[in-house]
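Heads up, my numbering is the position in the sequence shown plus 70, with the first residue counted as 1.
By construction, the Cβ of each residue, glycine as well, lies at the ideal position given by its N, Cα and C atoms.
Below you'll find the structure, written out as structure tokens, and then a few comments.
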Amino acid sequence: MKTFWRLLKLAGPVKGSMVLAALTGCITVACGVGLMATSAYLISMAALHPSFAALSIAIVGVRFFGIARGAFRYLERLVSHQATFRLLTSIRVWLYEALEPLMPARVLDFAHSKGTGLRSGDILSRIVADVDMLQNVYVRVLAPPLVALLVALGMWWLLGAFNQLFALVFTAFYLLAAVGIPSLAYVLGHKAGEQLVERKAELSAQMVDSIQGIADIVAFGQESRLSTSMRQLDEALARLQMRMAHISGLQSLLSNLFLNLAVWTMLLVAIPLVQQGQLHGVYLALLILATASGFEAVQSLPEAFQQLGGTLRAAKRLFEIVDARPEVCDEPGTSPQPACYDIELRHVGFSYVPGRGRAVKDVSFTVPQGQCLALVGLSGAGKSTLAQLLQRFWEYQEGHIRLGGYELRRYRQDDLHKLISVVTQDTHLFNTTVRENLRLAKPAASFEELVQAAKQARIHEVIEALPHGYDTQIGEQGLLLSGGERQRLAIARAILKDAPILLLDEPTANLDALTEREVLQELRTLMKGRTTLMITHRLVDMDIADEIVVLNEGKVVECGKPYELMQLEGYYWKLWNMQRQVLV
Ligand SMILES: Nc1ncnc2c1ncn2[C@@H]1O[C@H](COP(=O)(O)OP(=O)(O)OP(=O)(O)O)[C@@H](O)[C@H]1O
């Protein structure tokens with residue numbers, strides 16, 4: 071129920087449209103009843119050969135109800151669907167906005183607590199399929215019961231005007247169709263509906279995972295294992311869909327049964343009354359057809375309630391995202407305006423899972439404005455963790471991180487991200503043009519600015535040589551470009567962003583030695599005048615850094631200028647020698 075009320079609250083902004091949809095829905099059914107009733111009356115009366123004038127009102131009535139029914143049905147669909155789609159769009163945006171601050175910390179929390187976690191396919195399934203499921207509530211669960219109630223009252227009045235018995239007969243079968251069948255459909259269908267939502271999400275997650283890793287699957291010859299697991303998931307899904315189809319069949323059988331029983335009972339009650347002269351025979355067909363068309367109001371209810379379990383499960387999955395508390399929250403107030411951009415870490419300690427081992431321990435160092443500090447160390451030493459703390463993706467638990475003299479926590483995340491340009495080893499390039507990929511860093515940049523940045527990053531000639539220059543679609547993940555070219559594009563983005571702080575996370579990790587040298591050259595240009603934190607475990611051309619901090623198991627083990635560390639012949643020197651031996 072809690073989930074249902076929350077869904078109702080979400081409909082707040084479109085409640086006017088929902089009420090209008092219910093009213094137009096009610097008028098549509100009333101017009102249907104009117105059309106059937108006047109048609110039946112017209113045919114019955116015509117059989118008695120009255121004067122044309124006696125039929126004229128009925129003729130006008132048939133015309134009026136015939137046209138009005140179509141017009142109001144159209145209006146009802148237009149209003150309800152427009153309101154629902156507007157609502158679903160705003161829910162999608164709301165979800166995306168809720169998801170953003172959860173990245174990456176809370177997404178990992180989901181992974182720890184739920185085993186499968188929020189995989190890309192699962193997130194996709196929540197934002198697309200689960201949100202789509204909510205249509206069921208907004209189109210079929212909210213307005214139709216109100217329509218059914220109003221129609222029941224109208225029919226009670228109409229049939230009761232002839233005889234109270236007719237009203238009682240109609241109401242008895244109508245209640246069975248309006249309350250009995252939807253309740254049964256809910257009881258039978260809600261578990262299967264819930265499972266259907268989960269299975270679909272699982273299938274979508276596995277699909278996306280497999281497509282992303284298709285090259286490795288083929289390389290390791292695991293296609294058959296994968297297709298077996300897909301088939302199993304698909305079969306489970308098909309079994310659930312079959313179950314739902316059986317329930318649909320049953321409820322449509324029951325709906326028809328009750329409608330026909332209502333008609334037959336009505337005949338059984340009405341015929342003796344006609345014979346006894348208590349009811350004029352001309353009304354007999356009217357009563358029967360009006361009864362049958364009154365059931366139109368309850369036709370969609372069983373299906374809606376059968377799907378309700380699945381819909382509520384989908385809603386719960388969405389609220390799970392919305393309710394997750396972000397790992398990092400902004401303090402109230404505006405961000406400080408620093409006079410300089412030096413970075414200072416003092417006794418910083420952090421653990422990903424509270425109570426477990428710390429990924430960084432008692433780390434202290436300073437990067438003065440405009441200088442470059444390289445963080446080096448073996449894999450798992452804590453370099454990327456420090457970079458993530460600096461971007462406030464996680465909250466440090468011990469010590470201080472200061473930027474321009476102010477505690478990092480005092481900066482709003484948005485403002486902080488504006489101060490930092492990041493170049494990583496796997497820069498994400500979007501499946502769009504070079505121009506749009508560059509504009510990500512500065513949406514308002516003029517074409518001249520793009521060209522200038524590309525020239526500085528020495529990628530301009532490569533772009534010009536592409537089939538459509540800056541308007542070339544570069545494919546998913548920049549398929550059309552080499553690794554070095556992609557990194558240069560990332561550097562051009564950082565130039566365009568023109569932030570005072572630069573974070574380089576293994577920017578040359580996947581490049582060959584020659585390209586690495588060239589990209590490092592471009593990076594030197596980019597670093598000029600910027601405070602730079604460079605993470606690397608490849609100790610090549612380390613003179614690029616003013617200072618090196620060597621980490622091991624989360625702790626600073628050495629720090630100093632590159633030549634000082636070499637002279638020291640300590641841990642850094644050992645790492646350098648190890649790497650040289652491997653390369654030789
Ligand atoms: N999200 C996470 N949840 C839990 N532990 C994590 C997480 N990310 C990293 N760790 C752990 O924190 C420690 C430091 O990892 P980190 O990624 O900072 O190392 P790194 O020096 O950047 O390594 P690499 O050079 O391989 O990228 C490792 O023991 C790692 O297993």
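Residue pairing by DSSP places Glu617 opposite Leu443 in a beta bridge.
Contact between Asp400 and Gly419 does not hold, since the beta-carbon distance rounds to 22 Å and is not under 8 Å. For the alpha helix (DSSP H) assignment, the uninterrupted runs of no fewer than 4 residues enclosed by the stretch 92-173 are, from N- to C-terminal side, 122-169. In the three-state reduction of the DSSP assignment, Lys598 falls in the coil class, being assigned neither a helical nor a strand state. For Val433, the Cβ stays outside the 7 Å cut-off from all heavy atoms of ligand 1. Annotated three-state conformation of Val207 is helix, per DSSP.
When DSSP reads this structure, Met636 sits in no beta bridge, so it has no partner.
Excluding sequence positions up to five before and after Val492, its CB lies within less than 6 Å of the CB of Leu573, all in the same chain and listed in chain order.
Relative to the non-hydrogen atoms of ligand 1, the Cβ of Gly425 never comes closer than 7 Å to any of them. Counting only runs of 3 or more residues that sit fully inside the stretch 250-292, no beta strand (DSSP E) segment turns up. Around the beta carbon of Asn507, a 10 Å sphere encloses 16 or more other beta carbons of the protein chains shown; the residue is thus reported as buried. Of the residues Ser274, Ile197, Arg594 and Arg479, the one whose Cα lies closest to the Cα of Gln441 is Arg594.
Distances from the alpha-carbon of Val352 to those of Lys72, Ala117 and Met648 put Ala117 closest. At a threshold of 7 Å, Ser449 counts as near ligand 1, since its beta carbon sits closer than that to one of the ligand's heavy atoms. Linking Gln522 to His498 through their CA atoms gives a straight-line distance of about 21 Å.
In the structure shown, Val437 adopts extended strand secondary structure according to DSSP, grouped into three states. The nearest non-hydrogen atom of ligand 1 is 7 Å or more from the C-beta of Gly419. The beta-carbon distance between Arg313 and Ala262, rounded to whole angstroms, is 5 Å. This is short enough to meet the 8 Å contact definition. Under a 10 Å Cβ-count criterion, Pro577 is classified as buried, with 16 or more other Cβ atoms of the shown protein chains found around its own Cβ. With contact defined as three or more Cβ pairs closer than 8 Å, the stretch 405-414 and the stretch 459-478 are in contact. At a Cβ-Cβ threshold of 8 Å, Ala367 and Val221 count as neighbours.
Between the alpha carbons of Thr108 and Val132 lies a distance of about 6 Å. Counting along the chain, Leu549 sits inside no beta strand (DSSP E), nor does DSSP assign it H or E at all. Closest in alpha carbon position to Val619, among Met612, Leu448, Thr503 and Gly630, is Gly630. Contact between Arg269 and Ala306 holds, since their C-beta atoms are separated by about 6 Å, short of 8 Å. For the pair Val99 and Val239, the CB atoms are not nearer than the 8 Å cut-off.
Closer than 7 Å to some heavy atom of ligand 1: that does not describe the Cβ of His260. Following the DSSP letters along the chain, one finds Ile533 in no beta strand (DSSP E) but inside the alpha helix (DSSP H) bounded by residues His530 to Ala535.
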